[in-house]
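In the numbering used here, the protein residues as written are 10 to 569.
Single-structure report; data block below.
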């Protein structure tokens, strides 16, 4: 049999596939995977663009170039989840609000919205100890986050969600509390614990999209934007914020933006400017500087149309703000040939399975049955960021051993052939041939498989502590190698903010009149997505958007 190796991390674009829950992946202009870490754009100390965009402060826009001035109480920049909620909440409270969005529509995606103590939780008898959650959150983040920001979300999210649950019901939008597996919900270990925080604005069991193909959160944000307009918010699409207005180290008093014709308009804000401009997922220079691992992923989920390029970060830093203190949070997820391997048929077609994983040295490197982000980052640390899941001809019985609920469908052979045609799956009659196909030393792979089979026979994983039911041997030809593909959901890296969401200078002095929420707000989510609190990213957008707007209208400071 002729076997060839095609390392997808050497050039070509990754094929569009799907991830958990039927989520579609689309092509985009995301940076292509690099050949290896050595010499990659993301290496520490390399500056692919100098000076960086955020360092190159533009000249002030001349007064004579401004064709119009608009006075408002609050100006919100960015019509995503956080921005639309902020605009609606401020308008509802009686403020004169302008919402600016540089694209031609709102931006929202996905589903889970995290909160604590909503009416859905109360109805289901689900109670969560905020003190315990805060300690777990501090532990898994090594206290790299501002726990006062966590408190604002924790103590206010239930109330905010109750309000929007009622509002969505008026628009015939149902909601439900997302289930969490008992073994993770009851785990005493902060590293494996997961709380039942996620709520979906949709019908249970119907997936992440409506019958019309709209993502659940997009529908939610679309309705909220319509509610904002009904309350009198001035929503302007194709209007791109360019520079914040701040004179001589004083307060930020507004923003200058370009209208759909490219003309400059000044928007004054007497009560504050709220940056809700998203993260840095689509800016390669920012990724290389603050999140280099993201450059080695071969897929971006939910690609935007130029939205998440760090505009708020740049505008804030040009006005004297500092960037966040901790590392960027790369929300990494396995895509397609998932961590632990996958078989793409049946009711649980994207269930992650605990197959043996090896790197290009033919060596095992992790507990394969782990959370998506953990598995992704383990893979990205390996040579050339390239890994494979190894399993054998008895995969059907071994799937049942790992998870009896997974049922392989009638199309499994066709699915396997399709993956082989795409060079994301290899099949061989011997381990030597399989090693040749994936480009690893045959002796190493054989030794790794032998060691792994010993662990399976003993029922105890002394190397990486994988659960016994996922210890399934690799011994019957033909053998399979499934490419581990890593994807980026979003990269969060925002401005330095204090415990009240006020944007601060590098030395932590608040800049009066300037606030940041959503993924433009730094210091709350760092390093990786805190998967022990499902939906916290969307949840904080909604909670901070509403509570900050209400506080500004009242002339108060946001706090827990």
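Idealized CB from N, CA, C, for every residue including glycine.
Counting along the chain, residue 77 sits inside no alpha helix (DSSP H); it lies in the beta strand (DSSP E) bounded by residues 75–86.
Ranking 392, 246, 375 and 315 by CA distance to the CA of residue 302 puts 392 first. Short of 6 Å from the beta carbon of residue 324, and not among the five residues preceding or following it, lie these beta carbons of its own chain, in chain order: 253. Judged by beta-carbon spacing, residue 166 lies within the 8 Å limit of residue 125, meaning their Cβ atoms are closer than that value.
One thing to note: residue 550 has its Cβ within 8 Å of the Cβ of residue 90.
Sequence-distant Cβ neighbours of residue 139 in its own chain, meaning closer than 6 Å and more than five residues away, are 163. For residue 100, same chain residues with a beta-carbon under 6 Å away, outside a window of 5 residues either side, are 106, 237, 240, 241 and 242 in chain order.
Nearest to residue 368 by alpha-carbon distance, out of 381, 66 and 385, is 385. Of the residues 469, 397, 401 and 477, the one whose Cα lies closest to the Cα of residue 448 is 397. Rounded to whole angstroms, the gap between the alpha carbons of residue 432 and residue 335 is 38 Å. When secondary structure is reduced to three states using DSSP, residue 280 falls in the strand class. Nearest neighbour of residue 527 by Cα position, chosen from 87, 329 and 177, turns out to be 87. In the three-state reduction of the DSSP assignment, residue 265 falls in the strand class, which pools E and B. Non-local C-beta neighbours of residue 505 in its own chain, meaning closer than 8 Å and more than five positions away in sequence, comprise 330, 331, 332, 333, 334, 512, 513, 514, 515, 517, 531 and 532, ordered along the chain. In the DSSP assignment, residue 165 falls within the alpha helix (DSSP H) that extends over 156–179. In the displayed model, residue 118 falls within coil according to three-state DSSP, outside both helix and strand. Residue 236 carries a helical assignment under DSSP once its states are collapsed to helix, strand and coil. Distance check between residue 172 and each of 128, 186, 377 and 118 places 128 closest, using alpha-carbon atoms only.
Excluding five sequence positions before and after residue 318, the CB atoms of its chain that fall closer than 6 Å to its own CB belong to 291 and 292, given in chain order.
Residue state for residue 407 is assigned as helix, using DSSP reduced to three classes. Assigned with DSSP and collapsed to three states, residue 333 falls in coil, not helix or strand.
The DSSP assignment places 488–492, 495–501, 511–513 and 519–525 as complete runs of the beta strand (DSSP E) inside the segment 471–536, in order along the chain (cut-off: 3 residues). 8 Å or more divides the Cβ of residue 119 from the Cβ of residue 205. For residue 98, the enclosing alpha helix (DSSP H) begins and ends at 90–101. In this model, residue 509 and residue 440 are separated by some 58 Å (Cα to Cα). Per DSSP, reduced to three states, the secondary structure at residue 447 is helical. Residue 246 is positioned such that its CB atom lies closer than 8 Å to that of residue 110. Nearest in C-alpha terms to residue 263, of all of 540, 320, 85 and 186, is 85.
A distance below 6 Å between beta-carbons, with the five flanking residues on each side excluded, links residue 490 to the following residues of its chain, in chain order: 397, 399, 435, 443 and 447.
Cβ-Cβ distances below 7 Å link residue 158 to 508, 532 and 533 in the same chain, with the five nearest sequence neighbours on each side left out; the list follows chain order. Per the coordinates, the alpha-carbon of residue 191 lies some 56 Å from the alpha-carbon of residue 257. Under DSSP, residue 400 takes part in a beta bridge, and its partners are 489. By the criterion of at least three beta-carbon pairs nearer than 8 Å, the segment 133–152 is not in contact with the segment 483–503. Residue burial is scored here from C-beta neighbours: residue 382 has at least 16 other C-beta atoms within 10 angstroms and is therefore classed as buried. Under the three-state reduction of DSSP output, residue 194 falls in the helix class.
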